[in-house]
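Residue numbers (my numbering), protein chains in the order written: chain A, 2 to 206; chain B, 2 to 206.
Following: one structure in structure tokens, then a few remarks.
There are 2 protein chains.
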Amino acid sequence: MSQTLPTFLDALASSAPAPGGGAAAALMGANGAALVSMVCNLTLGKPKYAAVEGDMRSLLAKSEALRLRLTKMMDDDQTVFNTLMSAYGLPKQSDEEKPRRKEAIQAALKSATEVPLACARACAEVVGMSREAAEKGNLQVISDAGVAVAAAEAGLKSAALNVWINVPSIDDKTFADAARNEIDALIDAGGEDSAAVYALVRSKL
Amino acid sequence: MSQTLPTFLDALASSAPAPGGGAAAALMGANGAALVSMVCNLTLGKPKYAAVEGDMRSLLAKSEALRLRLTKMMDDDQTVFNTLMSAYGLPKQSDEEKPRRKEAIQAALKSATEVPLACARACAEVVGMSREAAEKGNLQVISDAGVAVAAAEAGLKSAALNVWINVPSIDDKTFADAARNEIDALIDAGGEDSAAVYALVRSKL
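What follows is the structure, encoded as structure tokens:
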């Protein structure tokens, strides 16, 4: 996390398998949350928007908390990826080793599903927050609420791919089905909500 | 550009009007280009993908060039914003000052339209590249081609907002109409293309 933007992009582009799409998904969500915060910060204290001062203050607290969580998820993604790679690398010769390796892989696959699922949930929350920013925020920076929703939607769609890619390999069908159902619902609702917020912003330009 | 990711996100979230949505748009486009490069880098040299070695090498050269251009656009956005603010701040008392200020504002508005238009064009190119990465790239990292297209689409939609917000204030109607027509065409084609690439990736997971 202490790397500069160009260094992060170099690492993303490289043949190193992490950081990859999971980190990019969390970064886009964090960008969306940051832009909701920006709209709040540029609305607070303006006499014209005194009526929404309380709403903007509470929205800002939520968007800043989400920004921190999403920023941290960039690291979580790398951690679960490394854990999964280590599990695949365990010895698989003896009768004791085989089930131990299989168990480690299954546990790592669940973590590698839970992290993007948490990212998708957070991005869906950012979509909802961008709606409030677009509805009540300072008109002079309303386009930033539109960029926030585009970023959050992209983070959600990206995280969903990382859920879908892992669930087919998970033996615990109850867990796998629950994850698949939740991500499908988040994607369906998130797609509609994002389109509505983007259209609202466009109508206000 | 030498700032760390958390520092950039802090600045984005703050009440400083720049960096804002324009820089976030270029960053998402650069993320998309970086992920196309990642798919190329993890396809090149794999015997199973020897048949697409040439295609991947040429795609990588294009995606890396676009990544550099989009990263640079993050600074361009800040530059045109500062120029526009300076123009609005020019004195407007005397009969000489008024037209001089108006001319400076009009020139700055054109630049503030051209920069996001260039960003939108570059993001549309990344959408096209993500299609090739999804069609020919290593299946093990195909989800990263899906994240690439989601990021590029978000960059395109975000840049479009910054074009639409400026064109109504531009007096040169030929310039304004050309910009509006181009961004509308990019958004229409980009939306369809992105949905097709995302569906292709999903079908391959």
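Quick reminder that beta carbons are idealized off the backbone N, C-alpha and C, glycines included.
**Request:** Only counting runs of 4 or more residues, tell me where the alpha helix (DSSP H) segments fall wholly within the stretch 15-82 of chain B, in order along the chain.
**Result:** 22-42
**Message:** What residue range does the alpha helix (DSSP H) around B:Ile106 cover?
**Reply:** Glu98 to Lys137
**Message:** Would B:Ser131 pass as an interface residue toward chain A - the criterion being a Cβ-Cβ separation below 8 Å?
**Reply:** In terms of beta-carbon proximity, B:Ser131 stays away from the interface with chain A, with every pair separated by 8 Å or more.
**Request:** Work out the CA separation of A:Thr114 and B:Leu201 for me, nearest whole Å.
**Result:** 21 Å
**Request:** Would you list the residues sitting across from B:Thr5 in a DSSP beta bridge?
**Result:** A:Thr5
**Request:** Compare the C-alpha of B:Glu65 against each of B:Ser38, B:Pro18, B:Ser131 and B:Glu126 and name the closest.
**Result:** B:Ser38
**Nearest candidate by alpha-carbon position, reference B:Met75, set B:Ile184, B:Ala119 and B:Glu133** = B:Ala119
**Prompt:** Along chain A, which residues have their Cβ under 7 Å away from the Cβ of B:Ala27?
**Reply:** Within chain A, no residue comes near B:Ala27; the closest Cβ sits about 11 Å away, beyond 7 Å.
**Item:** B:Lys111, buried or exposed, once every other Cβ within 10 Å from all chains shown has been counted against 16
**Value:** buried
**Message:** Is there a C-beta anywhere in chain A that falls below 8 Å from the one on B:Asp145?
**Reply:** yes
**Prompt:** For B:Asn42, is the classification buried or exposed, using 16 other Cβ atoms within 10 angstroms of its Cβ as the cut-off for buried?
**Reply:** buried
**Item:** Selection from B:Gly90, B:Val127, B:Asn139 and B:Ala160 that minimises the alpha carbon distance to B:Val116
**Value:** B:Ala160
**Request:** Kindly say whether A:Leu162, judged by its beta-carbon, lies nearer than 8 Å to any beta-carbon of chain B.
**Result:** yes
**Prompt:** Looking at C-beta atoms only, is the number of pairs between the stretch 120-140 of chain B and the stretch 150-159 of chain B that lie closer than 8 Å three or more?
**Reply:** yes
**Item:** Within chain B, the residues that A:Ile171 reaches when beta carbons sit closer than 8 Å
**Value:** Simply none; closest approach about 14 Å.
**Prompt:** Where do the ends of the alpha helix (DSSP H) carrying A:Asp194 lie?
**Reply:** Lys174 to Lys205
**Asked** Of all the CB atoms in chain B, is at least one closer than 8 Å to the CB of A:Glu54?
**Response** Not flagged as an interface residue toward chain B: A:Glu54, since no C-beta distance is shorter than 8 Å.
**Asked** How long is the line joining the alpha carbons of B:Gly147 and B:Ala134, rounded to whole angstroms?
**Response** 9 Å
**Request:** Classify B:Ala196 as buried or exposed, calling it buried when 16 or more other Cβ atoms lie within 10 Å of its own Cβ.
**Result:** By the 10 Å Cβ count, B:Ala196 comes out exposed.
**Request:** Go through its chain and collect everything with a Cβ distance to A:Glu98's Cβ below 6 Å, but skip five positions before and after it.
**Result:** Pro92
**Request:** Quick one: residues in its chain with C-beta nearer than 8 Å to the C-beta of A:Lys47, no 5 flanking neighbours on either side, listed in chain order?
**Result:** Asn139
**Asked** Taking all protein chains shown into account, do 16 or more other C-beta atoms lie within 10 angstroms of the C-beta of A:Gly90, making it buried, or fewer, making it exposed?
**Response** exposed
**Asked** Relative to chain A, which residues along the stretch 30-61 of chain B have a C-beta separation below 7 Å, given in chain order?
**Response** Within the stretch 30-61 of chain B, the qualifying residues are Ala31, Asn32, Ala35, Leu36, Ser38, Met39, Asn42 and Leu43.
**Asked** If contact means a Cβ-Cβ distance below 7 Å, which residues of the stretch 148-159 of chain A contact chain B?
**Response** Val148, Ala151, Ala152, Glu154, Ala155, Lys158 and Ser159
**Prompt:** Is there contact here, the stretch 10-22 of chain A with the stretch 14-21 of chain B, by at least three beta-carbon pairs under 8 Å?
**Reply:** Touching, no.
**Item:** Start and end residues, alpha helix (DSSP H) containing B:Val150
**Value:** Ile143 to Trp165
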